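Taking it in order: structure first as structure tokens, then the write-up.
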Amino acid sequence: MCRPITFIVKCLPRLCSPFQTRGNALVFIIILGIGGTFQNGFHVTVISSPSPYIWSFVNSSWIGRYEETPPAQTVKLLWSAIVSMYAVGGLLGSMSVRCIAGRKRAMIWNNVVSIVAAVIMFTSRGANSFEMILIARFLYGFTAGLGANIHAIYLGESSPKKIRGMVTLTSATFISIGKLSGQFVGLREILGREDSWNILLCVSTCFSVVQLLTLPFFPEAPRYLLIEKGNAESIQLRRLYLWGRGEYKLEMMEMVLEQAAIKGETSKSLLELLRDRSVRWQLITMVVIYGCIHVFSFDIFKEAGIPLDKIRYVTLGIGVSEVLTSITCGLLIESVGRRPLLWGGFGAMSAIMILITITLSLKVSPLNFQLSSGVLPSLTHEIFIQSCRPAAFVFTGILRWLGFSVLGLLFPFLIELLKSVSFVLFACMCLLASLYVFFYLPETKGKTLLEISEDKNAVHLTNDGPCGGLPQPPSWLFENWLP
């Protein structure tokens with residue numbers, strides 16, 4: 001009996017070591033998530049629950065200030081402004097990725113802005129000021145837009161290639177968790193009451209405070225340090241801190257390839273990226289994919305005949321399904337690749353749109369939405385070189401927030417004009433995206449940018465260049481850089 005126990009005691013440090021190191025990586029992913037895309041998902045859903053109370057507050061605030069009842073159109077306009085300010089802030093935030101040097105520093109300052117927004121939102125009720133709600137919503141949108149982009153870039157530049165897809169997909173998982181959290185705390189039984197709506201809209205800032213206090217203890221992104229800052233020192237130690245001991249020569253080789261390709265070039269601006277012919281196929285891919293994603297973010301429960309007082313509980317169930325599907329997608333992405341999840345997800349969504357048109361009683365598209373949207377941060381990271389990557393995330397951020405705003409305005413009119421037939425239009429868009437991915441998009445799983453360039457050249461979609469194709473660097477580079 002003693003020998004097995006002695007053997008286990010001797011082996012315990014070896015068994016615990018990798019889990020301890022992976023624990024560092026897991027904590028890092030969680031800390032990034034709660035201050036990144038979680039914030040975006042939370043604020044997208046949390047605003048719906050207190051909307052009647054905010055309407056009432058705007059009305060009473062106007063009466064207290066001007067001693068007259070505001071016109072109904074004025075209150076409606078102010079409410080629309082409160083909702084749209086979030087999208088405006090998100091658009092500007094997503095365009096600000098290049099303005100702050102360093103991934104970690106950008107996330108830290110983003111949390112500071114989030115805390116300022118929470119203070120303004122919390123005090124707006126006591127100050128009887130709906131203008132403060134407008135300002136807070138704008139700042140929340142700014143932090144969501146900036147945080148979502150930095151979150152995806154930070155994960156991609158900090159993770160090993162063999163699990164990069166799974167790691168970057170956690171950004172989609174956290175946006176789903178954020179949506180679910182916003183729906184949950186917005187229930188009447190929690191904080192969805194008239195006396196606590198301002199507290200409800202500040203809940204997410206607690207997670208921003210946690211990230212602000214803990215993120216400084218985590219390392220900066222190794223890829224950013226080596227390629228953009230030219231700092232090869234401690235790169236291996238930073239890898240070891242998060243992911244444990246392993247063979248990182250291939251990782252370093254890939255970084256050196258990128259560094260040799262950009263030849264000391266600074267990060268491109270959005271205008272420079274749009275003018276670069278060598279990345280034309282990547283930009284077209286982003287437009288095609290992001291152009292279809294947003295058609296699934298609107299509920300059709302009213303048309304399905306579900307009572308209004310039950311809708312929030314149904315959406316809570318949908319939120320749970322999104323989280324579970326996102327986690328499942330994370331487990332599949334490194335085994336099946338990016339392309340099958342994209343074209344399969346879009347194809348399934350196209351079929352579901354047809355079913356919705358026929359029955360108008362199904363609402364399962366978030367499941368397939370997660371299969372497609374979750375892959376996008378990883379795909380964006382893998383098909384753009386370092387100098388193009390920040391501008392590429394700015395571009396996708398603009399597509400995401402503009403799509404959110406435009407469809408938010410057009411969808412009600414489409415439903416009124418075309419009724420259920422409007423979903424046929426969305427089905428066609430999804431089908432085209434699925435066909436595009438299936439026939440033209442190369443698989444990026446486990447490949448360097450050079451290999452991806454060769455694959456895309458095989459389908460005649462691009463020219464070689466500093467961002468589209470990578471030249472083979474001389475061998476002496478590896479001798480100087482690799483351990």
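Residue numbers (the UniProt record's numbering): 1 to 483. Note that beta-carbon positions come from the ideal geometry of N, C-alpha and C, so glycine has one too. Just so it is clear, the structure is predicted and the values come from calculations on it, not from any experiment.
Check	Outcome
Residue 90 vs residue 172 beta-carbon contact at 9 Å	no
Start-end ranges of the beta strand (DSSP E) lying completely within the segment 16–93, minimum 3 residues	none
Of the listed residues 328, 224 and 357, nearest to residue 381 (C-alpha basis)	224
First and last residue of the uninterrupted alpha helix (DSSP H) at residue 160	That residue, residue 160, is in no alpha helix (DSSP H); it is neither H nor E in DSSP.
Residue 107 in three-state terms, based on DSSP	helix
Proximity of residue 506 and residue 326 at Cβ, strictly below 9 Å	For residue 506 there is no data in the structure shown, the boundaries of the chain being 1 and 483.
7 Å CB neighbourhood of residue 64 in its chain, flanking five on each side removed	128
CB of residue 445 within 9 Å of CB of residue 317, strictly	no
Contact check, residue 396 vs residue 149, beta carbons under 9 Å	yes
Simplified DSSP assignment, three categories, for residue 438	helix
Of the residues 54, 66, 346 and 67, the one placed nearest residue 82, counting alpha carbons only	54
Assigned exposure category for residue 417 - 16 Cβ within 10 Å defines buried	exposed
Buried/exposed call for residue 216, threshold 16 Cβ in 10 Å	exposed
Sequence-distant residues of its chain with Cβ nearer than 6 Å to residue 428 (five each side left out)	none
Residue 45, buried or exposed, once every other Cβ within 10 Å from all chains shown has been counted against 16	buried
Proximity to residue 354 [Cα-Cα], best of 33, 423, 290 and 378	423
Residue 180 versus residue 319: straight-line alpha-carbon distance, rounded	5 Å
Buried/exposed call for residue 206, threshold 16 Cβ in 10 Å	exposed
Span of the alpha helix (DSSP H), counted from its first residue to its last, around residue 214	205–214
Outcome for residue 38 when other beta-carbon atoms lying within 10 angstroms are tallied against a minimum of 16	buried
Residue 128, DSSP secondary structure in three states	coil
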